[in-house]
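First the structure, in the form of structure tokens, and then the observations on it.
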Amino acid sequence: TTPTIAFIGLGNMGRPMVSRLSVAGASVRAFDAAPAALEAVRSAGVVTAGSLAEALNGADVLVTMLPAGRHVVAVCSEAYPQLPKGALHIDCSSIDIASARSIHASALQHGLQSVDAPVSGGTGGAEAGTLTFMLGGEDAAVDRARPILEPMAGRIVHCGEPGTGQAAKICNNMILGISMIGVCEAFTLAEKLGLSHQALFDVASKSSGQCWSLTSYCPVPGPVPASPANNGYRPGFASALMAKDLGLSQAAAGDADVETPMGALARALYDRLVEEGGGDRDFSGMIEFLRGMSPTGGE
Ligand code: NAD
Numbered sequence: 002t003t004p005t006i007a008f009i010g011l012g013n014m015g016r017p018m019v020s021r022l023s024v025a026g027a028s029v030r031a032f033d034a035a036p037a038a039l040e041a042v043r044s045a046g047v048v049t050a051g052s053l054a055e056a057l058n059g060a061d062v063l064v065t066m067l068p069a070g071r072h073v074v075a076v077c078s079e080a081y082p083q084l085p086k087g088a089l090h091i092d093c094s095s096i097d098i099a100s101a102r103s104i105h106a107s108a109l110q111h112g113l114q115s116v117d118a119p120v121s122g123g124t125g126g127a128e129a130g131t132l133t134f135m136l137g138g139e140d141a142a143v144d145r146a147r148p149i150l151e152p153m154a155g156r157i158v159h160c161g162e163p164g165t166g167q168a169a170k171i172c173n174n175m176i177l178g179i180s181m182i183g184v185c186e187a188f189t190l191a192e193k194l195g196l197s198h199q200a201l202f203d204v205a206s207k208s209s210g211q212c213w214s215l216t217s218y219c220p221v222p223g224p225v226p227a228s229p230a231n232n233g234y235r236p237g238f239a240s241a242l243m244a245k246d247l248g249l250s251q252a253a254a255g256d257a258d259v260e261t262p263m264g265a266l267a268r269a270l271y272d273r274l275v276e277e278g279g280g281d282r283d284f285s286g287m288i289e290f291l292r293g294m295s296p297t298g299g300e
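For the sequence shown, UniProt numbering gives the first residue as 2, with consecutive numbering after it.
The following block contains the structure:
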């Protein structure tokens with residue numbers, strides 16, 4: 002029998018993800034607390050619900066795509082008592098490991114299955130249905146989640162026990178935050194050295210500096226037409242969320258007694274950018290922040 006999916010959280014990621022599910026023929030009921038987000042999904046042809054309770058009515062699968070741990074915990078505490086025994090919760094949000102574990106424990110208490118399933122690939126990957134999903138959970142729950150995630154996925158990796166999906170995401174995004182700053186610094190320096198954006202891109206994208214932040218998400222307009230730099234740094238992936246994820250990796254590193262000095266520096270830079278009002282803009286907007294840091298300013 003086809004599952005009936007309550008999909009909660011229709012922001013920059015949830016909106017294209019639920020569209021993929023809907024187009025693939027899944028039975029979905031989408032809900033977001035923000036009326037504008039709900040309306041955008043409804044006008045794209047997805048079935049929406051007017052409340053969380055309405056979305057959950059008749060659902061045997063709950064998918065969440067929310068900003069942070071506290072939002073997921075809040076939705077779960079309302080949703081779990083309403084779900085039938087044996088229902089499956091797939092949390093695709095990027096959240097802290099402690100919240101992820103407490104959600105798994107609560108699911109168990111309510112007789113539910115749960116999987117942490119954060120994603121990588123950005124809004125482009127969500128639109129194309131090519132996200133990488135990192136799954137933490139018991140084998141049975143993971144096996145059940147796979148076909149549900151398939152229409153949104155390019156790759157699904159079972160990372161291990163509950164919480165290990167979030168661990169993979171935290172480590173991945175520490176690489177991403179560090180690499181984005183590195184790419185932004187290189188373009189900022191190139192501008193002062195008389196090296197064009199395109200020339201640096203043509204070299205580095207085919208050389209040892211190659212990375213996702215450069216070739217899929219280039220922080221200057223031009224070389225990668227779909228990157229947020231071509232769209233005034235509209236997210237995409239907001240800097241506030243990157244700062245959150247770098248905070249999560251620093252918290253995890255602290256708990257595990259691991260030194261991650263570059264991760265700490267990346268966190269400090271994104272925190273400053275957010276404090277100075279750049280939190281709502283795409284995280285590749287770091288380049289504008291860096292230009293502003295140099296005594297002679299931008300180009
Ligand atoms: P977003 O802020 O655009 O969307 C989150 C949505 O959740 C909003 O529309 C908000 O109204 C809704 N929401 C919050 N609390 C709610 C509640 N209690 N009930 C119902 N709806 C609620 O965020 P996003 O960019 O879509 O990211 C979602 C998650 O995915 C985050 O954890 C983020 O770190 C992660 N992520 C984002 C990207 C990206 O490129 N944007 C990539 C990978 C992972």
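Note that beta-carbon positions come from the ideal geometry of N, C-alpha and C, so glycine has one too.
{"query": "Could you compute how far the alpha carbon of Val42 sits from the alpha carbon of Gly10?", "result": "11 Å"}
{"query": "For the ligand NAD, is there a heavy atom less than 6 Å away from the beta-carbon of His90?", "result": "no"}
{"query": "Quick one: what's Thr49 bridged to in DSSP?", "result": "Ala31"}
{"query": "Indicate, with yes or no, if the ligand NAD has a heavy atom lying under 6 Å from the CB of Ala56.", "result": "no"}
{"query": "If I follow the unbroken alpha helix (DSSP H) through Val204, where does it start and stop?", "result": "His198 to Ala205"}
{"query": "The alpha helix (DSSP H) spanning Cys172 covers which residue range?", "result": "Thr165 to Leu194"}
{"query": "Measuring CA to CA, which of Asp61, Arg268, Asp92 and Pro36 is closest to Val73?", "result": "Asp92"}
{"query": "Do Ala34 and the ligand NAD come close, with the Cβ less than 6 Å from some heavy atom?", "result": "yes"}
{"query": "If Leu57 sits next to Ala7, beta carbons under 8 Å apart, how far is it from one beta carbon to the other, in whole angstroms?", "result": "5 Å"}
{"query": "What separation, rounded to the nearest whole angstrom, lies between the Cα atoms of residue 1 and Ala241?", "result": "The shown model of the chain, from 2 to 300, leaves out residue 1, and the question about it has no answer."}
{"query": "Could you name the residues of the same chain whose beta carbon sits closer than 8 Å to that of Pro152, not counting the 5 residues immediately before and after it, in chain order?", "result": "Arg21, Leu22, Val24, Ala25, Ala27 and Gly130"}
{"query": "Taking DSSP as the reference, what is the three-state secondary structure of Ile157?", "result": "strand"}
{"query": "In chain order, what residues of the same chain lie with their CB nearer than 6 Å to the CB of Met14, ignoring the 5 residues before and after it?", "result": "Met66 and Ala127"}
{"query": "Taking Cβ to Cβ, would you say Arg147 is nearer than 7 Å to Thr133?", "result": "no"}
{"query": "Closest to Asp140 by C-alpha separation, out of His159, Cys219 and Thr124, would be which residue?", "result": "His159"}
{"query": "Apart from the five residues just before and just after Ile171, which ones in its own chain have a Cβ nearer than 6 Å to its Cβ?", "result": "Leu249, Ser250 and Ala253"}
{"query": "What I want to know is whether the C-beta of Phe134 ends up closer than 6 Å to one or more non-hydrogen atoms of the ligand NAD.", "result": "no"}
{"query": "For the ligand NAD, is there any heavy atom lying closer than 6 Å to the beta carbon of Pro229?", "result": "no"}
{"query": "How would you label Gly280, buried or exposed, when you count the other beta carbons within 10 angstroms and need 16 or more for buried?", "result": "buried"}
{"query": "Taking the straight line between their C-alpha atoms, what separation do you get for Ala265 and Ile182?", "result": "12 Å"}
{"query": "Between Met175 and Ser206, what straight-line distance do the alpha-carbon atoms span, to the nearest angstrom?", "result": "21 Å"}
{"query": "Helix or strand or just coil, what does DSSP make of Ala118?", "result": "coil"}
{"query": "May I have the straight-line CA-CA distance separating Val120 from Gly195, to the nearest angstrom?", "result": "38 Å"}
{"query": "Looking at the structure shown, is Met14 part of a helix, part of a strand, or coil, going by DSSP?", "result": "coil"}
{"query": "Determine the direct distance from the alpha carbon of Gly123 to that of Glu55, and round the result to whole angstroms.", "result": "29 Å"}
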